[in-house]
């Protein structure tokens with residue numbers, strides 16, 4: 528069995544047990560709780576389907592962010608170009624463009640980080656010895 532074919536139930540049960548163990552020992556469980564909430568909110572019966580749904584949802588958000596930055600750039604170019612001059616408008620648009628690029632890069636990093644975490648945690652479950660699994 529590979530990590531993409533791992534079922535949702537086994538993934539959630541394993542990491543819920545690990546969450547309880549960490550909570551009993553007093554470790555921080557914030558990251559694991561966030562991961563479990565995200566996985567529970569996504570549809571799909573296998574890790575591969577869950578990952579595909581996550582990437583699809585993230586892709587759907589990109590045009591919204593790009594449009595928002597584009598509208599902001601047009602608004603600033605119009606207002607600043609008219610009242611403060613072309614130099615200020617050009618600098619403002621450059622700053623907005625840099626912010627948009629940084630936001631897009633951050634968005635891609637979040638997408639990759641969750642996808643990597645999902646597959647790493649699924650690989651952990653798959654590679655556990657059979658006697659260590661609970662059914």
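Residue numbers (my numbering): 528 to 662. The C-beta atom is built at its ideal place from N, Cα and C for all residues, glycine as well.
Pairing residue 571 with residue 596, the inter-Cα distance amounts to about 33 Å.
Within 10 angstroms of the beta-carbon of residue 533 lie 16 or more other beta-carbons, which makes it buried.
DSSP assignment within the segment 614 to 645 yields no whole alpha helix (DSSP H) run of 4 residues or more. Residue 598 has its alpha-carbon roughly 19 Å from the corresponding atom of residue 612.
Shown here, residue 537 sits in a helix according to DSSP, grouped into three states. In the DSSP assignment, residue 565 falls within the alpha helix (DSSP H) that extends over 557 to 568. Cβ neighbours of residue 550 within its own chain (closer than 8 Å, five residues either side excluded): 556. Between residue 542 and residue 648, the C-beta gap is smaller than 9 Å, which places the two residues in contact. The bridge partners DSSP lists for residue 573 are 534.
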